[in-house]
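**Student:**
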Amino acid sequence: MKCIVGLGNIGKKYELTRHNIGFMVVDRLVESYNLELNQQKFKGLYTIAMINGEKVLLIEPMTYMNLSGEAVRPLMDYFNVSTEDLLVLYDDLDMPPGRLRLRQKGSAGGHNGIRSLIQHLGTDQFKRIRIGIGRPTGRIKVVDFVLQKFTNDEMIIVDKVMDQTIKAVEAFIAGEKFENIMNQYNGDV
C-alpha cells in the first residue's frame, strides 16, 4: 500500500495558506476521486482508497505542522506501510511558486514538519515533493508569510502546480520508477 501525506496546519484559519499547500493537494486528490478524508486515528485524518487499481493511504496530520511525525508514524505502523511506500507533500520557501522538486531522501532543509517526520520515522530516506511558495519580500516575517493566504494571482499558479503534483502522485501510486517521475516533474509548471 502506498501512503501519501500532505503537511499543513489544522483549523479554518490556516486553510488555503502557503504553509498548507500539502493539505491542499491531498484535498484536491480526495475530491478528484470522490473520496472522503473522514477517518481519524493517532492524531491523523485519513482514508484508504483504491486509486487506479492501487490501494492508497491518504493522511493529513491533525497535529500542527511541527509535530507531523506524531501522527504519521503511528498510522504507518498501524497499516504496515514502509518508508519505501511513503510520499510526503509540503511547501518550500526556497523555490518560487510554480516549481516542484521531487527528492528520494534528504535533510529537513529547515522545514519543521519534515524534521518531525525524520525524527519519528528514524530516517530521512523517504520520497517527497517540495512545492514552491516563494519567499517574503520587504519586511514581512517568514512566519507571517507562510501563514498568509495565496493572492488571487498566485492561486492561478498554485492551481497549475497542484495539478502537476497530482500527476506526479498518481505516477508514484502506479508504481513508476521514482527517478522517471523526478525527471518528468522536477521544475517549473
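Residue numbers for the sequence shown follow the working numbering, beginning at 7 and rising by one.
For each residue, glycine too, the CB sits at the ideal point set by N, CA and C.
Only a predicted model underlies this, so the values are computations on that prediction, with no experimental measurement involved.
#1: Would you identify the three-state DSSP class for Ile124, choosing helix, strand or coil?
#2: Please list the segments of the alpha helix (DSSP H) lying wholly inside the segment 137-167, counting only runs of 4 or more residues, in order along the chain.
#3: Measuring CA to CA, which of Ile54, Glu182, Asn40 is closest to Gln46?
#4: Does the segment 90-105 come close enough to the segment 119-139 that 3 or more CB-CB pairs lie under 8 Å?
#5: When DSSP labels each residue in this structure, what does Val11 get in the three-state scheme?
#6: Have a look at Asn44, Pro67, Arg24 and flag the residue whose alpha-carbon is nearest the alpha-carbon of Leu123.
#7: With burial defined as no fewer than 16 other Cβ atoms inside 10 Å of the residue's Cβ, what is the status of Asn15: buried or exposed?
#8: Could you tell me whether any non-hydrogen atom of the ligand NAD is closer than 8 Å to the CB of Met71?
#9: Nearest by alpha-carbon distance to Met56: which of Ile65, Lys8, Leu22 is it?
**Tutor:** On the basis of the data shown:
#1: In the displayed model, Ile124 falls within a helix according to three-state DSSP.
#2: Every unbroken stretch of the alpha helix (DSSP H) spanning 4 or more residues and falling wholly within the segment 137-167 is given here in chain order: 148-152.
#3: For Gln46, the closest of Ile54, Glu182, Asn40 by C-alpha to C-alpha distance is Ile54.
#4: With the cut-off at 8 Å, the segment 119-139 and the segment 90-105 touch.
#5: DSSP places Val11 within a strand segment (E or B) once states are collapsed to three.
#6: The residue among Asn44, Pro67, Arg24 with its C-alpha nearest the C-alpha of Leu123 is Pro67.
#7: A residue is called buried when at least 16 other Cβ atoms come within 10 angstroms of its Cβ; Asn15 meets this threshold and is buried.
#8: The model on display carries no ligand, and the ligand NAD is accordingly not part of it.
#9: Nearest Cα to Met56 within the set Ile65, Lys8, Leu22: Lys8.
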